[in-house]
Amino acid sequence: MTSPPRSAPVEKIRLLAVAGARPNFMKIAPLMRALARRDDRFETILVHTGQHYDRAMSDSFFRDLGIPEPDVNLGVGSGSHGEQTAQVLMKIEKLLIEQSPHVVLVVGDVNSTLAATLAAIKLQIPVAHVEAGLRSGDREMPEELNRVLTDAVSEWLFTTEPEAEKNLLREGVAPEKVHFVGNVMIDTLMQHRERALELDTLERLGLEAGRYAVLTLHRPSNVDSPDQLRRLFEVLERLNESVPVVFPVHPRTAAAIEQHLGGQPPRLRLTEPLGYLDFLRLLTEAQMVLTDSGGIQEETTALGVPCLTLRENTERPVTVTEGTNTIVGTDPATIEAAIERVLGAPAASPRRPELWDGRAAERIVDVLERDLGSRS
Ligand code: UD1
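Counting from 1, position 243 in the sequence shown corresponds to residue 247 in our numbering; the numbering is continuous, with no gaps.
In structure tokens:
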């Protein structure tokens, strides 16, 4: 009996995935799952840069979202932008030389995203950027610089909304590099929504469904200026007199309250930063959300919860044109008028922008397998 012909072993695609800060973890989670499902084709190395390191800012997300333990933690920690970026760059370069991956996968727009990208391209390792093409047009935002620079040198640009592709083409990116795949943050939201609904978060915080607001604030433009911070808190304290305002406080904001407001906390329902599932539970039943975050604008759109964005611009315009988001800026009178409008309006019904369907990570892995899979 002759044995069947043995095909030559196919070399797996060695992919090094990078995550560093809280908003990265929700994006990397569905990608790690999709890659694990194709472990016959991909060998994945997960690197945590350590940009965020607290239990509440990092560990709890790995646990809640079922992200595997990172293969490597670079332990860079906090620092100025230059220091943080340089630390990641130096440490990840060594690792890239050691591991020689075929591709580096980065997500979002934090300092770790840009640093890993720079290290990879200098070593001629191609980069795939998830959540490419978002532009606020505001170069004072550190994230905007991270986005523009990462996109300029990435080989695969995976976008979440049509406007992102237009931005990239305008900047001269070749159209064949751009792939409209949907939103990996929404993959995560859809996967965990049922579990979040089982939690007793509202009871623990003494809240009634549909009768509270959620606030998050951490952008330097809002929290690093004492006057700005005080003005925002004044408006929100007035809202808190009629509708409880739950405010999970980001470490940067806690430091600003200590430094600029003499440690006198605002009269709101302050909590520690919450884990992913508790926060999702809170968002789901909120009457309104007030935020300067990027990702929360998208999550509220998917959930159909009104969102007032306390910034002058957004890099995620689909949340305004199709979703529940309103850009209200930071002027107290304008914020107050917007709050009144939401309090007087009936709740919106959830609407999902195109391809925000829970399958974005699968599409990304499909493209990478198609483009890199021929190596053998
Ligand atoms: C970073 C991202 C921002 C993202 C945000 C979400 C950049 C440029 N910014 O901003 O896009 O929206 O994460 O949180 O990458 N700290 C802790 N524990 C931690 C992490 C930080 O106490 O685990 C404190 C440190 O004092 C640190 C400060 O928070 O200096 C800010 O952290 P940093 O990573 O520099 O920026 P974020 O404001 O968190």
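For each residue, glycine too, the CB sits at the ideal point set by N, CA and C.
From residue 341 to residue 243, what distance separates their C-alpha atoms?
-> 11 Å
Would residue 128 be called buried (16 or more neighbouring beta carbons within 10 Å of its own) or exposed?
-> exposed
For residue 109: DSSP bridge partner residues | 21 and 132
Cα separation between residue 105 and residue 96?
-> C-alpha separation (whole angstroms): 12 Å.
Report yes if the C-beta distance between residue 3 and residue 371 is below 7 Å; otherwise report no.
-> This structure gives no information on residue 3, because the portion of the chain shown stretches from 5 to 380.
Is it a yes or a no for the stretch 284-298 touching the stretch 308-327, going by three-plus beta-carbon pairs under 8 Å?
-> yes
For residue 255, which residues from the same chain have a beta carbon less than 8 Å from its beta carbon, with the 5 sequence-adjacent residues on both sides left out?
-> Taking residue 255 as the centre and dropping the five residues before and after it, the same chain places the C-beta of 58, 61 and 277 closer than 8 Å to its C-beta, in chain order.
Pairwise C-alpha distance: residue 239 and residue 263 = 20 Å
Within 7 Å, strictly: CB atoms of residue 319 and residue 357 = no
Taking the beta strand (DSSP E) that residue 47 falls in, what are its first and last residues?
-> 46-52
Return yes when the Cβ of residue 163 is within less than 7 Å of the Cβ of residue 136, no when it is not.
-> yes
Top-ranked residue by Cα proximity to residue 375, from 335, 279, 194 and 130 = Put simply, of 335, 279, 194 and 130 the residue whose alpha carbon is nearest the alpha carbon of residue 375 is 130.
The stretch 293-308 touching the stretch 216-226, judged by at least three CB pairs closer than 8 Å | yes
Work out the CA separation of residue 332 and residue 367 for me, nearest whole Å.
-> 34 Å
Say the cut is 6 Å; is the CB of residue 63 nearer than that to a heavy atom of the ligand UD1?
-> no
Say the cut is 6 Å; is the CB of residue 256 nearer than that to a heavy atom of the ligand UD1?
-> yes
So, helix, strand or coil for residue 368, using DSSP?
-> Residue state, collapsed to three classes: helix.
Does the separation of the CB atoms of residue 161 and residue 181 fall below 7 Å?
-> In this structure, residue 181 lies closer than 7 Å to residue 161 by Cβ.
CB residue 237 to CB residue 270, shorter than 7 Å?
-> yes
Check: residue 114 C-beta below 6 Å from any heavy atom of the ligand UD1 | yes
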